[in-house]
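**Q** I am attaching a structure below and will ask some questions about it afterwards.
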Amino acid sequence: METYIALIRGINVGGKNALSMADLRKFLEEQGFVDVSTYIASGNVILRSNKPAYEIRDCLEKGLPQNFKLDDEFVKVLVLTSVQFRAVVANKPEGFGEQPDQYHSDAIFLMDIDAAETMSVFNPREGVDRIWPGEGVIYSQRLSALRTKSRLNKIMSSPAYKSMTIRNWNTVMKLMEILGKMEAE
Numbered sequence: 071m072e073t074y075i076a077l078i079r080g081i082n083v084g085g086k087n088a089l090s091m092a093d094l095r096k097f098l099e100e101q102g103f104v105d106v107s108t109y110i111a112s113g114n115v116i117l118r119s120n121k122p123a124y125e126i127r128d129c130l131e132k133g134l135p136q137n138f139k140l141d142d143e144f145v146k147v148l149v150l151t152s153v154q155f156r157a158v159v160a161n162k163p164e165g166f167g168e169q170p171d172q173y174h175s176d177a178i179f180l181m182d183i184d185a186a187e188t189m190s191v192f193n194p195r196e197g198v199d200r201i202w203p204g205e206g207v208i209y210s211q212r213l214s215a216l217r218t219k220s221r222l223n224k225i226m227s228s229p230a231y232k233s234m235t236i237r238n239w240n241t242v243m244k245l246m247e248i249l250g251k252m253e254a255e
């Protein structure tokens, strides 16, 4: 049985697409997934299944709008194996996420788009923003003291934005911790 991380884009953001994590866990267990765990209310799920990643993605993308009252039926999900998720952490840029008091660091996970192509969507402000392409991810870092001057939020006006889901680096590390505990059991 494989352990997966499912990142659901756009739930419980700004009061839209409200979805209780208890209801989400129950739904996933009813679909036959086991050891279902969620972390905070922003669509982070760890589960085990014999199904391939694409079947889990399809189950969530089709099942959530059918089974829950959402403001927007556009649901996009990225499902990563534990190996893929661990690679995101292992292949981070040197020092990335290691100075949380100085920098706000995010992993921008890409769904059906390439990091090299997507880099053109970003317009980092020198001295404030830094971005690095990765495998299926873009690493984004903003100087905390100048966060309001960041240009990284401009990606939201790009059509490519619907193919991204952003996680704070602290969330990524917490998911790694939960993943480690699950796999140790």
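FYI, the numbering for the sequence shown is 71 to 255, going by our numbering.
Here a beta-carbon is modelled for each residue, glycine too, at the ideal position from N, C-alpha and C.
For asparagine 87, does the count of other Cβ atoms within 10 angstroms reach 16, so buried, or fall short, so exposed?
**A** Buried is the call here.
**Q** Which runs of the beta strand (DSSP E) at least 3 residues long sit entirely within the segment 86 to 154? Give them in chain order.
**A** Correct list: 104 to 109, 114 to 119 and 146 to 151.
**Q** CB alanine 123 to CB leucine 150, shorter than 9 Å?
**A** Their beta carbons are under 9 Å apart, which means alanine 123 touches leucine 150 by this criterion.
**Q** So the candidates are Val159, Gly197, Gly165 and Arg217; which of them puts its Cα closest to the Cα of arginine 263?
**A** Given a span of 71 to 255 for the chain in the structure shown, any question on residue 263 remains unanswerable.
**Q** From this set, Gly113, Val191 and Glu253, which residue's C-alpha is nearest proline 229's C-alpha?
**A** For proline 229, the nearest C-alpha among the options comes from Val191.
**Q** To the nearest angstrom, how far is it from the Cα of glycine 102 to the Cα of alanine 215?
**A** Approximately 46 Å between the Cα atoms of the pair.
**Q** Between serine 233 and glutamate 205, what straight-line distance do the alpha-carbon atoms span, to the nearest angstrom?
**A** The straight-line gap from Cα to Cα measures roughly 15 Å.
**Q** Report all residues from its chain with a CB closer than 6 Å to the CB of leucine 134; omit the five preceding and five following residues, and keep chain order.
**A** Counting only Cβ-Cβ distances below 6 Å, and skipping sequence neighbours, we find Val145.
**Q** Could you give the C-beta distance for serine 112 and asparagine 82, rounded to a whole number, given that I count them as a contact under 8 Å?
**A** Confirmed, about 6 Å.
**Q** How would you label glutamine 211, buried or exposed, when you count the other beta carbons within 10 angstroms and need 16 or more for buried?
**A** Buried: at least 16 other Cβ atoms inside 10 Å.
**Q** Would you give the residue range spanned by the beta strand (DSSP E) that asparagine 240 belongs to?
**A** No beta strand (DSSP E) holds asparagine 240; the alpha helix (DSSP H) holding it covers 239 to 254.
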